[in-house]
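For reference, the structure discussed in these notes is given below.
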Amino acid sequence: MLASFDSHLFWTALTSGPYWRGALTALELTVVALATAVVIGFFVALGALSRLRRLRTLAWIYNWLFRATPTLLQLYFVWYALPQIWGVFAGHWFTPFAAAWIALSLNEAAYMSEIIRAGLLSVDPGQELAGRALGMTRRQILGRVIVPQAVRIVIPPTGNEFITLLKLTSLAFVISLHELLTAAQELASSTFQYPEPLLASLVYYLAIVSALMLIQSRLERRFTFTSRRRRRAAPATAAVPVVSHDAR
Amino acid sequence: MADVVLRAVDVHKCYGDLEVLKGVTFEVDRGQVKVIIGPSGSGKSTLLRCLAMLEAPDGGDVFLEGERLSALGEKQLAPHRSEVGMVFQRFNLFQNMTALGNVMCGLVHVRRLPKGEARQRALELLARVGLEDKASQYPDELSGGQQQRVAIARALVMRPKAMLFDEPTSALDVELVREVLDVMEALAREGTTMVVVTHELRFAQHVASSVLMMDDGRIVEEAPPKEFFSAPKEERTKRFLDLVEL
Numbered sequence: 012m013l014a015s016f017d018s019h020l021f022w023t024a025l026t027s028g029p030y031w032r033g034a035l036t037a038l039e040l041t042v043v044a045l046a047t048a049v050v051i052g053f054f055v056a057l058g059a060l061s062r063l064r065r066l067r068t069l070a071w072i073y074n075w076l077f078r079a080t081p082t083l084l085q086l087y088f089v090w091y092a093l094p095q096i097w098g099v100f101a102g103h104w105f106t107p108f109a110a111a112w113i114a115l116s117l118n119e120a121a122y123m124s125e126i127i128r129a130g131l132l133s134v135d136p137g138q139e140l141a142g143r144a145l146g147m148t149r150r151q152i153l154g155r156v157i158v159p160q161a162v163r164i165v166i167p168p169t170g171n172e173f174i175t176l177l178k179l180t181s182l183a184f185v186i187s188l189h190e191l192l193t194a195a196q197e198l199a200s201s202t203f204q205y206p207e208p209l210l211a212s213l214v215y216y217l218a219i220v221s222a223l224m225l226i227q228s229r230l231e232r233r234f235t236f237t238s239r240r241r242r243r244a245a246p247a248t249a250a251v252p253v254v255s256h257d258a259r
Numbered sequence: 291m292a293d294v295v296l297r298a299v300d301v302h303k304c305y306g307d308l309e310v311l312k313g314v315t316f317e318v319d320r321g322q323v324k325v326i327i328g329p330s331g332s333g334k335s336t337l338l339r340c341l342a343m344l345e346a347p348d349g350g351d352v353f354l355e356g357e358r359l360s361a362l363g364e365k366q367l368a369p370h371r372s373e374v375g376m377v378f379q380r381f382n383l384f385q386n387m388t389a390l391g392n393v394m395c396g397l398v399h400v401r402r403l404p405k406g407e408a409r410q411r412a413l414e415l416l417a418r419v420g421l422e423d424k425a426s427q428y429p430d431e432l433s434g435g436q437q438q439r440v441a442i443a444r445a446l447v448m449r450p451k452a453m454l455f456d457e458p459t460s461a462l463d464v465e466l467v468r469e470v471l472d473v474m475e476a477l478a479r480e481g482t483t484m485v486v487v488t489h490e491l492r493f494a495q496h497v498a499s500s501v502l503m504m505d506d507g508r509i510v511e512e513a514p515p516k517e518f519f520s521a522p523k524e525e526r527t528k529r530f531l532d533l534v535e536l
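Listed in order, the protein sequences are those of chains A and B.
Just so we're aligned, residue 12 is where the first sequence starts under my numbering, counting upward by one.
Just so we're aligned, residue 291 is where the second sequence starts under my numbering, counting upward by one.
Structure, rendered in structure tokens:
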């Protein structure tokens, strides 16, 4: 059955420009969208934990809006509808990459905010109390005490989000972004051979996720607070909500 | 007139419908050690938190060296809090910092001291509680008694006007209680102004300038330890002392 496998085509695909650029685009989009989502998600999480009801409501609406609607719809909306509503988005700067960045960041921020909220809640309230007793301001306590401890809890689910997001970038082919899957499809439809082009793109996804897993375990060790820098990562102490993404 | 460091006047505190403090008037003079005892739920910890300005009283006033703290807003309060040291039952050391980092933290971020100087002073304080060799250890790697001594150093390094202890030995294994009490007794001998909520009645007997009995949100009785333990005036105090073994 493998007789029909064209290893030459496989290697050509693997080393071709469109694949490289496609993989790079997917990776770039994932990294910038996740980074943006972490920032937005952090503030949404603070809003959700605020003492002010208005901020809590705003955070709730944000999460509701972006989690209740399909990611694909959000991509379409940002790419096609936004320029018609708002002239700013009709300019040349508004590339498929920029549109995908915006849509995926906003979408991902809703999920990240829940992860970050869980992380912040996992930190013992006694930590904040001790900080206040020392005379630290709320911002200092957040930045110096609570966030560094929450990071440890937030890293594993964020790794999950990275992987989900990497795969979601392939959705961006609908707004004509040339990413990894586009390269595979174009090659397949021009050669009428499917196994080789698709397997080649699969190799790239595996490589990216493997690299991520390596970075993640390094980060986890970095945020485990012991002087001996244990090899084994300390068990996470708080339950983190498991968010299922498959339907996004 | 006595040199009053901390004074609470008719302090009330409610949590929802529950009135935890029902008008507490209390003061501690410079160099005094006041020990507060009483059953759980009597408002001892809440009183301490009001004195530390971690909780705003719903009624009455708190003064630190004559300054009315209960009149200040959250922003203005932060620097004042650093003038009162607080030690918690569960130590509450910052888990993401080493012992040294914990002790330096207030100096660097609240007092804005240069790192080098803060480090120097923090190391001195760690030495004073006998933990200079643990400076680079994280709280997770220290015993409860060691953590509590670091917590005392962390509060003490700020050179507070008074030190408040909220059941500092209650979360410790029996054999670790002594090392913490030793540190506290040394502080008392050096003339540190202290308010201590504790069940360690022997500590109260030996160290306290006066002992207070709290029950149901009020101070029931206050007397020098000798009098308090040998001839308590109030029925409530007698009943409590009968239940607690010396």
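Backbone N, C-alpha and C define an ideal beta-carbon position, used for all residues, glycine too.
Query, Result
"What is the rounded straight-line gap between the Cα of A:Q138 and the Cα of A:A144?", "10 Å"
"If A:I164 sits next to A:G130, beta carbons under 8 Å apart, how far is it from one beta carbon to the other, in whole angstroms?", "4 Å"
"When we look at the beta-carbon of B:T527 and count the other beta-carbons within 10 Å, is it buried (16 or more) or exposed?", "buried"
"Is it right to say B:V447 is buried, meaning 16 or more other beta carbons lie within 10 angstroms of its own, or is it exposed?", "buried"
"Beta-carbon of B:S433 versus every beta-carbon of chain A: anything under 7 Å?", "no"
"Quick test of the definition: if touching needs 3 or more C-beta pairs under 8 Å, does the stretch 300 to 315 of chain B touch the stretch 221 to 236 of chain A?", "no"
"Under 7 Å between beta-carbons, which chain B residues line up against A:F236? List them in chain order, please.", "Q385, N386, Y428 and D430"
"Only counting runs of 3 or more residues, tell me where the beta strand (DSSP E) segments fall wholly within the stretch 436 to 461 of chain B, in order along the chain.", "452 to 456"
"Between A:W112, A:A110, A:Q160 and A:T106, which has its C-alpha nearest A:L132's C-alpha?", "A:Q160"
"Give the straight-line distance between the Cα atoms of A:L76 and A:T235, rounded to the nearest whole angstrom.", "35 Å"
"State the Cα-Cα distance for the pair A:W90 and A:I186, rounded to the nearest angstrom.", "7 Å"
"Specify the secondary structure class of B:H489 as computed by DSSP and reduced to three states.", "coil"
"Quick one: what does DSSP say A:Y30 is sitting in, helix, strand or coil?", "helix"
"Going by DSSP, what residue range makes up the beta strand (DSSP E) through B:R319?", "According to the sequence provided, residue 319 of chain B is Asp. The question's Arg does not apply to it. B:D319 -> beta strand (DSSP E) spans L308 to D319."
"Out of curiosity, what's the CA-to-CA distance linking B:M372 and B:E525?", "One point to set straight first is that residue 372 of chain B is Ser, not Met, in the sequence displayed. The alpha-carbon atoms of B:S372 and B:E525 are separated by roughly 38 Å."
"Does the distance from the C-beta atom of B:A298 to that of B:V374 stay below 7 Å?", "no"
"Considering only the alpha carbon of each residue, which of B:S332, B:M376, B:V323 and B:G321 lies closest to B:V314?", "B:S332"
"Can you check whether the C-beta of A:M147 is within less than 7 Å of a C-beta belonging to chain B?", "yes"
"Are the stretch 111 to 127 of chain A and the stretch 312 to 329 of chain B in contact at 8 Å, needing three or more beta carbon pairs?", "no"
"Between B:V377, B:N392 and B:F378, which lies nearest to B:F384 when the distance is taken from Cα to Cα?", "B:N392"
"Could you give the distance in angstroms between the alpha-carbon of A:P107 and the alpha-carbon of B:A412?", "55 Å"
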